[in-house]
Amino acid sequence: MSEDKMDNHLKKDLDAFKAELSERDFQAFSDFIYNEYGIKMPPIKRIMLQGRLLKRIRELNMNSYTEYKDYFFSKDGQQNELFNFLNVVTTNKTDFFREPLHFDFLQKEILTKYQGPHNNLPFKIWSAGCSSGEEPYTISIVLNEFKKTNSAFNFSILGSDISNKVLSAAAKGVYNESKIGLIPVEFKKRYFLRSKDRISPTVRVKPELQANIALKYVNLMDSYYDVNEKFKVIFCRNVLIYFDRATQEQVINKLCNYLEPGGYFFIGHSESLSGMNVPLSHIKPTIFRKV
């Protein structure tokens, strides 16, 4: 079900609930999400949050949004409900080979510099905000294809997110078959296994595609990331749009601490670094290099 259809479904359920998330309670949640995770949630999002929290309220047998708010901000709520809350409020939309020009650049402009037997150090990429795994698996396809003609090449991919729900989905690597519709046929055959269920057909990524991927919880708002390595490439695409300008600059500077000098930084096509004080030089639209 698409995000819009899901929200419409929840709105109908909400009407039956005959309850409302007050402006005061919404502001408490909005302030928390911004202060802890940097995600903007303006007043226009109140009805959306109202609908998305409804399922959790019913699962917990609660009678109102205020009751849920009081529980959430209690000690027990912060320990036991935080991840459920994040899974509900975060938006996770992604696709295989989304914004394909980035993968063309990775293949033709970056990887060609690592050809030859002398380049046997691990090529490390970080997919920050990896959602349900389509981006790191796409990167893995590109790197596995490169390795076929460069046997000394080895690599590792880190995928991170703040939602344990999408990280769990990424670890499983199972997707609706429609998700791989735009992937070239040879890649489908090489890297995916089809289910036998023709009513609800799914595909599973092959183990070789998962072998070099590690998945990890990382909150980009933390002052320090529990990541003990440097990367040649960082993908942080369609994540910054949820932050205000000051937070975007802070996050990029922190991420750049984990990027090797001369390493590449990718952002989404709806994002911009214009006017920011960050250690990145512009290469192409949405593609930057650490100076």
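If you want my numbering, it's the position in the sequence shown, counting the first as 1, plus 7. Ideal Cβ placement from N, Cα and C applies to all residues, glycine included.
Give the C-beta separation of residue i and residue j to the nearest angstrom, bearing in mind that I take them to be a contact with Cβ-Cβ under 8 angstroms.
{"i": "T119", "j": "I169", "result": "No, T119 and I169 are not in contact; Cβ-Cβ is about 34 angstroms, not under 8 angstroms."}
{"i": "Y265", "j": "W133", "result": "7 angstroms"}
{"i": "R53", "j": "V95", "result": "With a Cβ gap of about 14 angstroms, R53 and V95 do not count as contacting."}
{"i": "E66", "j": "Y78", "result": "12 angstroms between Cβ atoms; not a contact."}
{"i": "F162", "j": "Q114", "result": "Incorrect: roughly 13 angstroms between the Cβ atoms, too far for contact."}
{"i": "N284", "j": "E256", "result": "7 angstroms"}
{"i": "L273", "j": "N171", "result": "The sequence as given places Phe at residue 273; Leu does not occur at that position. About 25 angstroms; that fails the 8 angstroms criterion."}
{"i": "L174", "j": "L216", "result": "At roughly 17 angstroms, the Cβ-Cβ gap does not stay under 8 angstroms, so L174 and L216 are not in contact."}
With 16 as the cutoff for other CB atoms within 10 Å, does residue i come out buried or exposed?
{"i": "D251", "result": "exposed"}
{"i": "G282", "result": "exposed"}
{"i": "F295", "result": "buried"}
{"i": "D111", "result": "exposed"}
{"i": "F242", "result": "buried"}
{"i": "Y231", "result": "exposed"}
{"i": "K239", "result": "buried"}
{"i": "H289", "result": "exposed"}
{"i": "F80", "result": "exposed"}
{"i": "N68", "result": "exposed"}
{"i": "V298", "result": "exposed"}
{"i": "T156", "result": "exposed"}
{"i": "N235", "result": "exposed"}
{"i": "E142", "result": "buried"}
{"i": "I117", "result": "buried"}
Can you give me the start and stop residues for the alpha helix (DSSP H) that residue i sits inside?
{"i": "A176", "result": "N171 to K179"}
{"i": "Y44", "result": "E30 to Y44"}
{"i": "P214", "result": "P214 to Q217"}
{"i": "I259", "result": "R252 to C263"}
{"i": "Y198", "result": "V192 to Y198"}
{"i": "R65", "result": "R53 to E66"}
{"i": "K82", "result": "K82 to N87"}
{"i": "F295", "result": "Taken as a continuous stretch (DSSP letters only), F295 belongs to no alpha helix (DSSP H), being part of the beta strand (DSSP E) at I294 to K297."}
When the distance is taken between beta carbons, is residue j closer than 8 angstroms to residue i?
{"i": "R244", "j": "G270", "result": "no"}
{"i": "I187", "j": "F103", "result": "yes"}
{"i": "A35", "j": "K76", "result": "yes"}
{"i": "F130", "j": "Y144", "result": "no"}
{"i": "L287", "j": "C263", "result": "yes"}
{"i": "C137", "j": "G166", "result": "yes"}
{"i": "S139", "j": "A176", "result": "yes"}
{"i": "V258", "j": "L227", "result": "yes"}
{"i": "I46", "j": "Y182", "result": "no"}
{"i": "R197", "j": "V210", "result": "no"}
{"i": "Y72", "j": "S37", "result": "no"}
{"i": "L56", "j": "F33", "result": "yes"}
{"i": "I148", "j": "F194", "result": "yes"}
Tell me whether residue i, by its Cβ, gets closer than 7 angstroms to a heavy atom of the ligand ADP.
{"i": "E66", "result": "Annotation note on the ligand ADP: not contained in the displayed structure, which lists no ligands."}
According to DSSP, is residue i part of a helix, a strand, or is it coil?
{"i": "S147", "result": "helix"}
{"i": "D168", "result": "strand"}
{"i": "A135", "result": "strand"}
{"i": "K47", "result": "coil"}
{"i": "T73", "result": "helix"}
{"i": "F160", "result": "coil"}
{"i": "G270", "result": "strand"}
{"i": "S279", "result": "coil"}
{"i": "L113", "result": "helix"}
{"i": "L189", "result": "coil"}
{"i": "K203", "result": "coil"}
{"i": "N183", "result": "strand"}
{"i": "L247", "result": "helix"}
{"i": "F153", "result": "helix"}
{"i": "F103", "result": "coil"}
{"i": "A23", "result": "The pLDDT assigned to A23 is 47, lower than 50, so where the model puts this residue is not dependable, and the model offers no usable value."}
How would you write the range of the beta strand (DSSP E) that residue i sits in, first residue to last?
{"i": "V240", "result": "F238 to F242"}
{"i": "Y232", "result": "Careful: Y232 lies outside any beta strand (DSSP E) and carries neither H nor E."}
{"i": "I290", "result": "L287 to K291"}
{"i": "K120", "result": "Neither: K120 is in no beta strand (DSSP E) and is coded neither H nor E."}
{"i": "L222", "result": "I220 to Y224"}
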